[in-house]
Amino acid sequence: MAGKPISQMGLPNSIANLFQARNILTAKDALSLTEFELMELLDVAMDVVTSAISHISEIACPPCQTALSLMENHVKNDYLGGHLPTRLKGLDDALCGGIPFGALTELVGPAGIGKTQFCLKLSLLAALPTSYGGLDGCAIYIDTESKFNSRRLIEIAENSFPEIFHLKGMAQKLAGRIVVLRPTSLTEFTESLQQIKLSLLQHRVKLLLIDSMAALLSNECEWDQKASRQDSLGWHMSFLKSLSEFSRIPVVVTNQVRAQSSDYASSYPFQVHVRDQSIRNSERSESHLVGALGFNWAHAVNIRLILEAHSGKRFIKVAKSPISPPLAFPYFVSSSGITLETDNGIEVAGPDINTIRCQGMVLRIP
Amino acid sequence: MEIWSLPFSPSQRAKLLSAGYTYLHSFSHLSPSALAAGAQTAWDILCEDRTMNHITTSCEDLDGILGGGISCKEITEVGGVPGIGKTQLGIQLAVNVQIPVEYGGLGGKAIYVDTEGSFMVERAFQIAESCIQDIMDKVLQTDDVGVCQENLHVNAILANIFYFRICSYTEQIAVVNYLEKFISAQKDVKIIIIDSVTFHFRQDFDDLALRTRVLSALAQKMMKLAKKFNLAVVLLNQVTTKCTDGSFQLTLALGESWSHACTNRIILYWKGNERCAYLDKSPSLPLSAAPFSVTTKGIRSVASSCKRMRTT
Chain A
81 MAGKPISQMG
91 LPNSIANLFQ
101 ARNILTAKDA
111 LSLTEFELME
121 LLDVAMDVVT
131 SAISHISEIA
141 CPPCQTALSL
151 MENHVKNDYL
161 GGHLPTRLKG
171 LDDALCGGIP
181 FGALTELVGP
191 AGIGKTQFCL
201 KLSLLAALPT
211 SYGGLDGCAI
221 YIDTESKFNS
231 RRLIEIAENS
241 FPEIFHLKGM
251 AQKLAGRIVV
261 LRPTSLTEFT
271 ESLQQIKLSL
281 LQHRVKLLLI
291 DSMAALLSNE
301 CEWDQKASRQ
311 DSLGWHMSFL
321 KSLSEFSRIP
331 VVVTNQVRAQ
341 SSDYASSYPF
351 QVHVRDQSIR
361 NSERSESHLV
371 GALGFNWAHA
381 VNIRLILEAH
391 SGKRFIKVAK
401 SPISPPLAFP
411 YFVSSSGITL
421 ETDNGIEVAG
431 PDINTIRCQG
441 MVLRIP
Chain B
121 MEIWSLPFSP
131 SQRAKLLSAG
141 YTYLHSFSHL
151 SPSALAAGAQ
161 TAWDILCEDR
171 TMNHITTSCE
181 DLDGILGGGI
191 SCKEITEVGG
201 VPGIGKTQLG
211 IQLAVNVQIP
221 VEYGGLGGKA
231 IYVDTEGSFM
241 VERAFQIAES
251 CIQDIMDKVL
261 QTDDVGVCQE
271 NLHVNAILAN
281 IFYFRICSYT
291 EQIAVVNYLE
301 KFISAQKDVK
311 IIIIDSVTFH
321 FRQDFDDLAL
331 RTRVLSALAQ
341 KMMKLAKKFN
351 LAVVLLNQVT
361 TKCTDGSFQL
371 TLALGESWSH
381 ACTNRIILYW
391 KGNERCAYLD
401 KSPSLPLSAA
411 PFSVTTKGIR
421 SVASSCKRMR
431 TT
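Line order of the protein sequences matches chains A and B. Take 81 as the starting number for the first sequence in my numbering and just add one per residue. Take 121 as the starting number for the second sequence in my numbering and just add one per residue.
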C-alpha cells in the first residue's frame, strides 16, 4: 500500500503530473514531507495540497477491521484458534493454547540451557499430522550456529511419539518436512527471508524458526557500534512480524545473552532513591544477564520466554505476554526434548520475571 | 461605508475581505473575540473544562492522579519498559470508553492503531467480559438487571473497536490523515490509541531532522482531531537510555522534541515488585505516582484481592 505509485491513485491529472515532475512517485515520498513543504515544492495552493494528501492517505491506509471480525476470522481460519501446542501442558495453558500464530515469540537464555532442544521439538510438532496434534505442514529452520542435529531430532521424535514413528516411512516423511537453511551472514539471511516469503504459500509452511538471531549480528563487523547493530535489525523485525501476520504462522526466534554492561539503565530520573541503591548493588549486577539484542528488540517481540538456571534447576518463564500471567515452570532436558517437572507454574511477582540467571549449574555445551 | 475607504493597512483589509466583511456595518457590532475567528475567552474554556469527559482506567488510584481518568481533548503519552502493561492499558481503555453513559462512561467507540502486532483479540475478549461483569455487579445492587444484560454484550464491545494494523511509517502517517474522514463518518469515536507510536520511527530513519518534522506534524494532526471531535488520544511509547551526568537513565523514546508534543505523560515503571504509574507531565495536576496491577480482568487497583492468576 505504501509503495503504490501515485500515478495509479486516481488523482486529478494536473496534480498527478506535478507530483511526477518533482520526482514524488510513491505514497511514501509524498507523506514524508509536510504539507507546507509540498506546497512550496509543487507551487500550488494549500487546499489543493491538503485534498491531494487526504486522497493519497486514504488509499495508502490499510483497511479497517473491527476486533469482532478479527476474532471471527481467527476462529474460522486458524487451526486450534491460532496456537501451536507445545505439548508442555502448563506452558500451553499459560499461553492460552500454545505458541500463537501471527506473532513473534522469543526464546532467550544462556548457552546450553535448552533453546535449540525446544526449537527441535517445535519443528517436529509443526510437521506432525493434525490427528496427533501437529500442524501437518513444513517448518523452516534457519540455523545460524550450526546447531541443528538430525540424529537428535529423530531421537526426540522416537521418544515423544513412539506410536507414529513405528509406521513405515513416517520418519522420512516428517523429517522431510523440516527445511534447514544455514545463512552465514546477515546479507544471506536477508535474502533467504525474502525467498521464504515467496515460497510460503506454495509449500504450506506452518512454522518459521530462527536459531539464533543474535549470532548473525555478532558475525558482522559493526559489533562495537551498538546503534548500528540495533538499526540493522529494524527491517528484519518488521519483516518477520508482517510475515507471521500475513501468513498466520508462528515465528520463533532465539536470542543469546550477554553480561549486563556498564551502560545498562534501570531507572528513570524521577526515581532518585532507586538510583542511589543501585550504585551500592553494582557488584551484584555482574551475575545478571540481559538479552543480547537490546531494548528495541525486547519491545518488538510479542511473547518472551526466558530459560534460566538457578538453585540447581532450570526454569522456563513467561516473561512478556499480553495474555498470560507471569509464571515460571521448572523443566529438564530429556531424550524426548524438554519436559516440565510440574504443570503448576510458580507465580513470579515483579520485575524478577525479566531477569535471566545462570548460577550454580554446569551447562552442557552441545 | 465600504472597507476600502476606511483607514486599514492593505493586509488587514485583505483579511477582512477574505472573512466576508465588505461594509463597516457588517462588523461594527461584533466583539473582538468574534472577529478573531476561533478565539475563545478563558471563561468559556473554563465552563467547557468543567464538563470535560474522562475515561476511567479501572484503577481508582490511577484515576485519582489523573483527575478522573484519561481526559478527552488532550494527548496522553504512556511509556514504559517492555512487559510493564502499556498494551494492557491500551486495551482496557478501548473497552472502558464503551461503558454506557448511565454507568459512568462515555458510551463511545474506540480506534486502535496497532504498529507492533501486540493487540491480541483473546485478551480484549477477556477484558471486555470482566468489564461487563463489574458493571453487572454494581447494577445488581440497584435495579434493572434485565435492561443491562440486553445492552451489554462482549461481541458488541468488540465490534466497536476499530482496528488498523500498520506496517510502516508511511501507513502510520496515512492513517492519521485518514482518521478525520473516518471519524466524521463513524461518529461517536471517543478514543484513539496508537500502540506504539515509536516502532516504525525507530528504524529506517537516517535523517533525524526529517523524523522530527514528520513526528511534530503527526502530533499536530492528532491534537486537531482531539479538539475537533472531543476525543482522547493515547500514544504508547517505548523506552531508551539517555546519558545524563555520566550515568545512564531510562527515558521515553523519540527524542526531546517529541516530548513536547503530548499534553500529559504517564510513565509506567516497576517499584520493587509492584507496577506503578507516574504522572510525569500535566498542565493542571500535580506530578504524582499511583500503584496499579494487571490481573486476568485487566488493569485494576492493587488493593483488590484479585491478583493475576493463571487461567484454568
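Idealized CB from N, CA, C, for every residue including glycine. These numbers were taken from a predicted model, which means no experiment stands behind them.
Contact with chain B by residue i, beta-carbon distance below 7 Å
| i | result |
| --- | --- |
| Met119(A) | no |
| Lys253(A) | no |
| Ser327(A) | no |
| Gly430(A) | yes |
| His379(A) | yes |
| Tyr348(A) | yes |
| Gln145(A) | yes |
| Gly314(A) | yes |
| Asp304(A) | Reliability fails at Asp304(A), whose pLDDT of 48 lies under 50, so the model's placement of it is uncertain and the value that follows must be treated cautiously. Closer than 7 Å: no. |
| Ile236(A) | no |
| Thr210(A) | no |
| Thr166(A) | no |
Beta-carbon gap between residue i and residue j smaller than 7 Å
| i | j | result |
| --- | --- | --- |
| Ala46(A) | Ser203(A) | An answer regarding residue 46(A) cannot be provided, because it is not within the stretch 81 to 446 covered by chain A. |
| Ala408(A) | Gly425(A) | yes |
| Asn335(A) | Val155(A) | no |
| Leu356(B) | Lys206(B) | yes |
| Gln218(B) | Asn280(B) | yes |
| Lys347(B) | Lys193(B) | yes |
| Phe239(B) | Ile303(B) | no |
| Leu289(A) | Val332(A) | yes |
| Pro349(A) | Gln369(B) | yes |
| Val223(B) | Ile255(B) | One detail in the question is off: residue 223(B) reads as Tyr in this sequence, not Val. Their beta carbons are under 7 Å apart, which means Tyr223(B) touches Ile255(B) by this criterion. |
| Leu296(A) | Phe319(A) | no |
| Ile195(B) | Val309(B) | no |
Three-state secondary structure (DSSP) of residue i
| i | result |
| --- | --- |
| Ser265(A) | coil |
| Glu394(B) | strand |
| Phe412(B) | strand |
| Phe368(B) | strand |
| Phe409(A) | strand |
| Asp315(B) | strand |
| Val422(B) | coil |
| Val124(A) | coil |
| Cys363(B) | strand |
| Pro85(A) | strand |
| His316(A) | helix |
| Ile386(B) | strand |
| His246(A) | coil |
| Ile433(A) | helix |
| Asp400(B) | strand |
| Ala352(B) | strand |
| Glu225(A) | coil |
Identity of the residues DSSP links to residue i by a beta bridge
| i | result |
| --- | --- |
| Ser191(B) | His174(B) |
| Phe284(B) | Val233(B) |
| Asn357(B) | Gly199(B) |
| Val337(A) | Gly371(A) |
| Leu385(A) | Leu187(A) and Val398(A) |
| Ser414(A) | Gly417(A) |
| Val332(A) | Thr185(A) and Leu289(A) |
| Ile258(A) | Ala219(A) |
| Thr146(A) | Phe282(B) |
| Pro180(A) | His163(A) |
| Val309(B) | Lys229(B) |
Cβ of residue i within 7 Å of any chain A Cβ
| i | result |
| --- | --- |
| Tyr141(B) | no |
| Ala279(B) | yes |
| Arg170(B) | no |
| Trp390(B) | yes |
| Glu287(B) | Note on identity: in this sequence residue 287(B) is Cys, with Glu being the wrong assignment. Cys287(B) counts as touching chain A. |
| Tyr283(B) | yes |
| Ser131(B) | no |
| Asn350(B) | no |
Contact belief for residue i with residue j at Cβ below 8 Å, rounded distance in angstroms
| i | j | result |
| --- | --- | --- |
| Leu200(A) | Gly371(A) | Their Cβ separation, rounded to whole angstroms, is 21 Å, which puts Leu200(A) and Gly371(A) out of contact at 8 Å. |
| Val204(B) | Tyr398(B) | Strictly speaking, residue 204(B) in this sequence is Ile, with Val absent from that position. The Cβ separation is near 12 Å, so there is no contact. |
| Gly182(A) | Ser322(A) | Not confirmed; about 10 Å, so no contact. |
| Tyr411(A) | Arg394(A) | 6 Å |
| Thr185(A) | Ser292(A) | Between Ser292(A) and Thr185(A) the Cβ distance is about 13 Å, and since that is not below 8 Å, they are no contact. |
| Val241(B) | Met151(A) | 4 Å |
Residue-level contact to chain E via CB, residue i, 7 Å cutoff
| i | result |
| --- | --- |
| Ser238(B) | Among the chains of the structure shown, chain E does not appear; the protein chains present are A and B. |
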